[in-house]
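Here the numbering used here = 1-based position in the sequence shown + 10. Backbone N, C-alpha and C define an ideal beta-carbon position, used for all residues, glycine too.
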Amino acid sequence: MNNALMDLVDKANLKEETPKFEIGDTVDVHTKILEGAKERIQVFSGVVIARSGRGSREMFTVRRIVGGEGVERKFPVHSPRVDKIEVKRSGVTRRAKLYFLRDRIGKAVRLKERRRV
Numbered sequence: 011m012n013n014a015l016m017d018l019v020d021k022a023n024l025k026e027e028t029p030k031f032e033i034g035d036t037v038d039v040h041t042k043i044l045e046g047a048k049e050r051i052q053v054f055s056g057v058v059i060a061r062s063g064r065g066s067r068e069m070f071t072v073r074r075i076v077g078g079e080g081v082e083r084k085f086p087v088h089s090p091r092v093d094k095i096e097v098k099r100s101g102v103t104r105r106a107k108l109y110f111l112r113d114r115i116g117k118a119v120r121l122k123e124r125r126r127v
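As structure tokens, this is what we get:
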């Protein structure tokens, strides 16, 4: 009974179309930013290093290097603030979480590209 109610509430908050992306993919996340009365879209590009949760609570973490420093940001998949998610390239991974990339510098951060057929 309780799970059925939770699933019903979850379904109301889900987006109809979410892109298929996996751990290791390089993505562009287009987010809506409010500045006063104006609204603009800001793009955050990076590698997906983690996914967690399910349903309306599903989150993913994107990591990129800015000025020699690593920057990570977590996004809800079904948030109305996330306008769209574009997959730029797919990486080959053998793990569910890529936290080891935090310790790597330079070219060691790059992942092999997965070929799409």
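Following the DSSP letters along the chain, one finds residue 94 inside the beta strand (DSSP E) bounded by residues 92–99. Apart from sequence neighbours up to five positions away, the residues of its chain that approach residue 126 with a beta-carbon distance below 8 Å are 100, ordered along the chain. When DSSP reads this structure, residue 55 sits in a beta bridge with 38. Between the stretch 48–57 and the stretch 14–30, the count of Cβ pairs shorter than 8 Å is below three; the stretches do not touch. Take the alpha-carbon of residue 116 and the one of residue 13: they are about 46 Å apart.
The alpha-carbon of residue 40 is positioned some 6 Å away from that of residue 92. Note on residue 108: 16 or more other CB atoms within 10 angstroms of its CB, so buried under the neighbour-count rule.
In the three-state DSSP reduction, residue 84 falls in the strand class (E or B). For residue 19, the enclosing alpha helix (DSSP H) stretches over residues 12–23.
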